[in-house]
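Colleague:
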Amino acid sequence: MAEVAIKSQDFRLKAWLLDDSPGSALQARLGRFYLGWRAFARNPLAMTGLAIVLALVIAAIFAPWLSEASPLEQALERRLEPPSAAHWLGTDPFGRDILSRILHGARITLYIVLLVTLLSAPFGLVVGCVAGYFGGWVDRALMRLTDVFLAFPKLILALALVAALGPGVENAVAAIALTAWPPYARIARAETLVIRESGYIDAARLQGASGARIIWKQVMPLCTSSLIVRVTLDMAGVILIAAGLGFLGLGAQPPEPEWGAMIAEGRRFIIDQWWVATMPGIAILIVSLGFNLLGDGLRDALDPRQR
Amino acid sequence: MISVALTFLGLLFVTFIIARVIPVDPVLAAVGERASADVYAAVRAELGLDLPLYEQFARYLANVFQGDLGQSVLTAKPVLADIARVFPATLELATTATLLGVGLGIPLGVIAAVNRDRWADHVIRVFGLMGYSVPVFWLGLVGLLVFYAELGWVGGPGRLDVFYEGVIESRTGLILVDSLIAGDLEIFSNALRHIVLPAAVLGYFSLAYISRMTRSLMLDQLTQEYITTARIKGLSERRVIWVHALGNVRVPLITVIALSYASLLEGSVLTETVFAWPGLGLYITNSLFAADMNAVLGGTIVVGALFIGINLFSDLLYRLFDPRVR
């Protein structure tokens, strides 16, 4: 009996979500979300990506509980031990547990990715929407600026900036964010050019809404879905650049368990103690692959036009 | 053209700003701690640091356009001469990598498109996504471990075995070409053994990018009517796909290849560090650790200019090949 009741509840929820004439904006929005999720969930690669990204988040939040060994405390008597039951991924030149360091390193990776996104995506969104909505010289000036930054070689510019500002996670983030926003501005502008011509924008304008209000309330929300796709795909690149900076010694500083820096530490031992440099690299590969798969899946689900 | 010039100016402006925010005081670095206030002021004036910022920038521009990127502290030579010396190594590496990327990427992209949503497509897509996701410096290390240290199939770091260094005369700076000109096949094969691994590591990224773009461009073509017509006419499937459909994506593919080439010039920074490849990337990172800012910014300007130049070039090619854009 109980099972039948749950089934019928499930059915009612589905019917409510897929209603042709939703009673509220919330219902319509949830319905769209549900349809998108159904398309997304059918794609095994996309679900793999989602699982990897969720695993990264969980590792970052629960790192101290997931691994008993300290990521920083040195124990030279057990340095460079191969993978074993006690240390699943082996130990590094200072006797620290590599698995524990990778789990704690997830925090740094997530921190960098989130900070870069928070700095670059809203900035690109505002620039693109303003340029697209107002058009004319505003558009020309802003897009020129965007093109200038778009043409910069990302890694090299980040290198030069970090060299000038000094090594460290925050400076690496600033350098990456500075070169990350132009594509977002381009996308937001392209979307805005289409949205601007819609009837409801005219309606809002006739009601006396200011340009700023229309951009904030009507235009920006509609740009977000393509922006989310692009941001997700870019996160893989951000992770790689951050790890590259860490590898060169310009990102997070030792003894911080940053993955790129860990590879640099293991580099000297690559021939005889291969696990020291190999394990963090696999972590980078998996996580950035996860973001790529997730981004691909989101794009297919949210926007079937561009494949 | 105007936008290219503006972009280049923007690049120079950013490098100028970076040069100004360095915590190192260039005057102090030149005169030392114990110099008197008078000497300090004199050197400051000599370096032009007492001028207003816009005048400093104008001077900076004038210098750059005369090819003066300053003196390298590390090598005590003009930065531009240094870069001219190391650049061929990067060019050789990036070109070989692109050849690998194009040679494998296009066929893989076509095969994926033809077998859309079947297993061949999935395998190629995941293989491509791995190329987007793998850190090159790590792949390089693992490659050295497996193919050099364990299997001994390829040469180690550097462009040649030490034994062969400086044996042949450098004409183009490209060892593969120089050794062929000199007719020395032994050195040629040694250079080839050394370049294969770094070029494959670097080329993996462009393979990923090119195969992905080829796939999506081909998918657009394969649904079009002329393809059906060609099939109805009884042309072989091979001809329809590799000649008719692929022929029509040639133009956008040129842009894709040019873009991937530009990003390889940049991507070589990390690859060169791992393989001790004496090119522009290694030059920039070495200068970085010696706090040799003239060299770092000079390298940044050169890479940026190449980047912008290749983008412009691919635009022009596009116009040349596609009459519709004229």
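Chains A and B, in that order, are what the protein sequence lines are. Numbered per the working numbering, the first sequence spans residues 40 to 346. Numbered per the working numbering, the second sequence spans residues 2 to 327. Glycine included, C-beta positions come from ideal geometry on N, C-alpha and C.
Examine the Cβ distances between the region 197 to 204 of chain A and the region 297 to 305 of chain B and report whether three or more of them are shorter than 8 angstroms.
Modeller: Segments in contact, yes.
Colleague: With a CB to CB cut of under 6 angstroms and the five nearest residues on each side skipped, what residues in its chain are close to Ile137 of chain A?
Modeller: The residue given as residue 137 of chain A occupies position 98 in the first sequence. So the list reads Leu128, Gly129, Asp131 and Met318, once near-sequence residues are dropped.
Colleague: Please name the residue, chosen from A:Gly174, A:Pro121, A:Leu74 and A:Leu245, that lies closest to Lys53 of chain A on a Cα-to-Cα basis.
Modeller: By 1-based counting over the first sequence, the position of residue 53 of chain A is 14. Comparing Cα-Cα distances from Lys53 of chain A to each of A:Gly174, A:Pro121, A:Leu74 and A:Leu245, the minimum goes to A:Leu74.
Colleague: Less than 7 angstroms between C-beta atoms, sequence neighbours within five positions excluded: which residues of the same chain meet that for Gly132 of chain B?
Modeller: Position 131 of the second sequence, counting from 1, holds the residue named residue 132 of chain B. Counting only Cβ-Cβ distances below 7 angstroms, and skipping sequence neighbours, we find Tyr205, Phe206, Leu208 and Ala209.
Colleague: Which parts of the region 21 to 109 of chain B are runs of the alpha helix (DSSP H), unbroken and 4 residues or longer, counting only runs that do not cross its ends?
Modeller: 27 to 32, 38 to 47 and 54 to 66, all fully within the region 21 to 109 of chain B.
Colleague: What residue does the alpha helix (DSSP H) around Thr274 of chain B start on, and which one ends it?
Modeller: The residue labelled residue 274 of chain B in the question sits at position 273 within the second sequence. It spans Arg251 to Phe276 - the alpha helix (DSSP H) in which Thr274 of chain B sits, taken as one unbroken run.
Colleague: Give me the residue from B:Asp316, B:Ala90 and B:Arg21 with the minimum Cα distance to Leu193 of chain B.
Modeller: In the second sequence, the residue the question calls residue 193 of chain B occupies position 192. Considering only alpha carbons, the answer is B:Ala90.
Colleague: Provide the residue span of the alpha helix (DSSP H) that contains Asn191 of chain B, from first to last.
Modeller: Your numbering for residue 191 of chain B matches position 190 in the second sequence. It spans Leu186 to Leu223 - the alpha helix (DSSP H) in which Asn191 of chain B sits, taken as one unbroken run.
Colleague: Just grab the DSSP bridge partners of Thr130 of chain A for me.
Modeller: The count along the first sequence starts at 1 and reaches residue 130 of chain A at position 91. Note: Thr130 of chain A sits in a beta bridge opposite A:Asp136.
Colleague: Within 8 angstroms (strictly less), CB to CB, does Gly283 of chain A reach chain B?
Modeller: Taking the first residue of the first sequence as 1, we reach residue 283 of chain A at position 244. It does: the Cβ of Gly283 of chain A has a partner Cβ on chain B nearer than 8 angstroms.
Colleague: Assuming contact is defined by CB atoms lying nearer than 8 angstroms, are Ala99 of chain A and Arg146 of chain A in contact in what I supplied?
Modeller: One-based indexing of the first sequence puts residue 99 of chain A at position 60. One-based indexing of the first sequence puts residue 146 of chain A at position 107. Going by C-beta atoms, Ala99 of chain A is nearer than 8 angstroms to Arg146 of chain A.
Colleague: Taking only beta carbons into account, state which residues of the region 121 to 139 of chain B come closer than 9 angstroms to chain A, listed in chain order.
Modeller: Listed by position along the chain: His123, Arg126, Val127, Leu130, Met131, Tyr133, Ser134, Val135, Pro136, Val137, Phe138 and Trp139.
Colleague: Does the beta carbon of Thr185 of chain A come closer than 8 angstroms to any beta carbon on chain B?
Modeller: The sequence position of residue 185 of chain A within the first sequence is 146, counting from 1. No, because no Cβ of chain B sits closer than 8 angstroms to the Cβ of Thr185 of chain A.
Colleague: Under 8 angstroms between C-beta atoms, does Asn331 of chain A make it to chain B?
Modeller: What you label residue 331 of chain A is simply residue 292 of the first sequence in a count that begins at 1. Cβ-Cβ to chain B under 8 angstroms: yes for Asn331 of chain A.
Colleague: Identify whether Lys234 of chain B lies in helix, strand or coil by the three-state DSSP scheme.
Modeller: As a first step, residue 234 of chain B is located in the second sequence; it is residue number 233 there, counting from the start. Residue state, collapsed to three classes: coil.
Colleague: Considering only residues of the same chain and omitting the five flanking positions on each side of Arg338 of chain A, which have a CB-CB separation below 6 angstroms?
Modeller: If you number the first sequence from 1, residue 338 of chain A lands on position 299. Within the same chain, Arg338 of chain A has close Cβ partners Val268.
Colleague: Could you have a look at Gly280 of chain B and say whether DSSP puts it in helix, strand or coil?
Modeller: The sequence position of residue 280 of chain B within the second sequence is 279, counting from 1. If DSSP states are grouped into helix, strand and coil, Gly280 of chain B belongs with coil.
Colleague: Can you list, in chain order, the residues of its chain with a C-beta nearer than 6 angstroms to that of Val143 of chain B? Leave out the 5 residues immediately preceding and following it.
Modeller: Residue mapping note: residue 143 of chain B aligns to position 142 of the second sequence, counting from 1. Nothing listed; no residue qualifies.
Colleague: When DSSP labels each residue in this structure, what does Gly163 of chain A get in the three-state scheme?
Modeller: Translated into the one-based positions of the first sequence, residue 163 of chain A becomes position 124. Here Gly163 of chain A sits in helix by DSSP.
Colleague: Counting pairs of Cβ atoms below 8 angstroms between the region 287 to 296 of chain A and the region 143 to 161 of chain A, do you hit three or more?
Modeller: In short, these stretches touch, since the Cβ pair count reaches three.
Colleague: If we count the other Cβ atoms within 10 Å of its Cβ and call it buried at 16 or more, is Ser37 of chain B buried or exposed?
Modeller: As a first step, residue 37 of chain B is located in the second sequence; it is residue number 36 there, counting from the start. By the neighbour-count rule (16 or more Cβ atoms within 10 Å), Ser37 of chain B is not buried but exposed.
Colleague: Give the straight-line distance between the Cα atoms of Trp313 of chain A and Leu146 of chain B, rounded to the nearest whole angstrom.
Modeller: Position 274 of the first sequence, counted from the first residue, corresponds to residue 313 of chain A. Position 145 of the second sequence, counted from the first residue, corresponds to residue 146 of chain B. Near 8 angstroms, if we compare the C-alpha coordinates of Leu146 of chain B and Trp313 of chain A.
Colleague: I'd like to know whether the C-beta atoms of Phe308 of chain B and Val252 of chain B end up nearer to each other than 8 angstroms.
Modeller: Taking the first residue of the second sequence as position 1, residue 308 of chain B is located at position 307. Taking the first residue of the second sequence as position 1, residue 252 of chain B is located at position 251. No, the Cβ-Cβ distance between Phe308 of chain B and Val252 of chain B is not below 8 angstroms.
Colleague: Could you list which residues in chain A have their beta carbon closer than 8 angstroms to that of Ile285 of chain B, in chain order?
Modeller: Here residue 285 of chain B refers to the residue found at position 284 when the second sequence is read from its first residue. The contacting residues are Ile195 and Leu198.
Colleague: Cβ of Phe17 of chain B less than 8 angstroms from any chain A Cβ?
Modeller: Here residue 17 of chain B refers to the residue found at position 16 of the second sequence. Closer than 8 angstroms: no.
Colleague: Just checking: is the beta-carbon of Glu267 of chain B within a distance shorter than 8 angstroms of some beta-carbon in chain A?
Modeller: Against the second sequence, residue 267 of chain B aligns to sequence position 266. Closer than 8 angstroms to some Cβ of chain A, the Cβ of Glu267 of chain B qualifies, so yes.
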